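Have a look at the structure below, then the notes.
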Amino acid sequence: MKLIIIAISVFTALSFSPITETTATAVETTNESYGSSFSLINDTKNKISIYTGTGYVTLNKGSKTSISCKVGKTVHWASKGKKGDVIFKITSDMCGETIKLSKVMD
């Protein structure tokens with residue numbers, strides 16, 4: 012008997028609850044998609060060490076490395092495992108490209 016009373020109570024509550032209408036609005040977004048990394052090639056005449064923001068890399072003449080394309084982050088010179096002066100700041104136009112070190116050095 013208690014079960015019937017509970018069932019009737021639930022049914023009554025649901026049948027008299029206000030009906031709400033939900034409307035969805037379409038929002039158009041544009042996301043620029045970039046490569047997740049870019050290549051940096053050492054086109055100088057010297058062996059160099061850099062800090063990429065995530066680790067230290069030594070590049071011989073003509074060698075290259077892949078760097079995560081985190082726009083706004085900086086790439087630094089490195090010496091003996093310590094980062095030095097900023098070489099350049101990563102920009103969105105670098106993503107997915109091969110960048111020559113000589114072009115981004117000050």
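In my numbering, the protein residues as written are 12 to 117.
Don't be surprised by glycine CBs; every beta carbon is placed ideally from N, CA and C.
The structure presented is a predicted model; accordingly, all values stated were derived computationally and were not measured.
Go ahead and label residue i buried or exposed: buried means 16 or more other beta carbons lie within 10 angstroms of its beta carbon, across all protein chains shown.
i	result
N53	buried
T69	exposed
M105	buried
Taking only three categories from DSSP, how would you classify residue i?
i	result
I19	helix
S103	helix
V82	coil
K58	coil
K114	helix
T65	coil
K91	coil
S47	coil
K75	strand
With a threshold of 6 Å on Cβ separation, who are the neighbours of residue i within its own chain once the five nearest residues in sequence on each side are excluded?
i	result
S79	S48
V97	T85 and H87
K94	Y62 and H87
Please tell me whether residue i and residue j are closer than 8 Å, where the distance is taken between their beta carbons.
i	j	result
K75	L51	yes
S60	S103	no
K81	I101	yes
Which residues in the same chain have their Cβ closer than 7 Å to the Cβ of residue i, if we skip the five residues on either side of it in sequence?
i	result
S113	D54 and T55
Can you give me the Cβ contacts of residue i inside the same chain, cut-off strictly under 8 Å, excluding the 5 residues immediately before and after it?
i	result
K58	T69, L70, N71 and K72
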